[in-house]
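In the UniProt record's numbering, the protein residues as written are 1 to 183.
Given below as structure tokens:
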């Protein structure tokens, strides 16, 4: 079969195997769906040069089909940048102000139990600053709970136990030989 855009649709349904026929039918449906998406993409990007790809690049596809996703992600990036700027400003200021801000954070932690009146979620704590040390401790805790790390620690523990047992056996043999040779 020949597609209007020049893509070849392979029809391998000549075999009588039902599994193979279903798989081929699925492949042709998927290919047809991609071609339909591509035609829609070509209509929206008529002013651009047409490429010979079945699917547009991710960024262009998101611009076409999910503009809300892009705006939300840009908003999140802006919030992260603002937080980083605030942290840098606090770090660069005098230590007296940083100490005062830490006291405010402590007060804010205590006030987290009282809900924000504008909040829908009555138990949602207020946003607070997290120090670098807290982040390090948190990431270390998460790292230590990983299955690979726990397995490695257990293997190391077994290795040390077996090594101490070997040493004990050697000491026992020496004592036993000394006792036998002395008698």
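Every residue gets a Cβ at the ideal spot worked out from N, C-alpha and C, and that includes glycine. Treat the numbers as computed from the prediction; the structure is a model and nothing was measured.
Exercise. Rounded to a whole number of angstroms, what is the C-alpha to C-alpha distance between residue 170 and residue 148?
Worked result: 33 Å
For this session: Verify whether the separation of the beta carbon atoms of residue 70 and residue 58 is less than 7 Å.
Result: no
Exercise. Does DSSP classify residue 145 as helix, strand or coil?
Worked result: coil
Exercise. Between the C-alpha atoms of residue 67 and residue 73, what's the straight-line distance to the nearest angstrom?
Worked result: 10 Å
For this session: Look at the alpha carbon of residue 157 and the alpha carbon of residue 92, and state the distance between them as a whole number of angstroms.
Result: 45 Å
Problem set entry | Nearest-angstrom Cα separation, counted from residue 56 out to residue 155 | 49 Å
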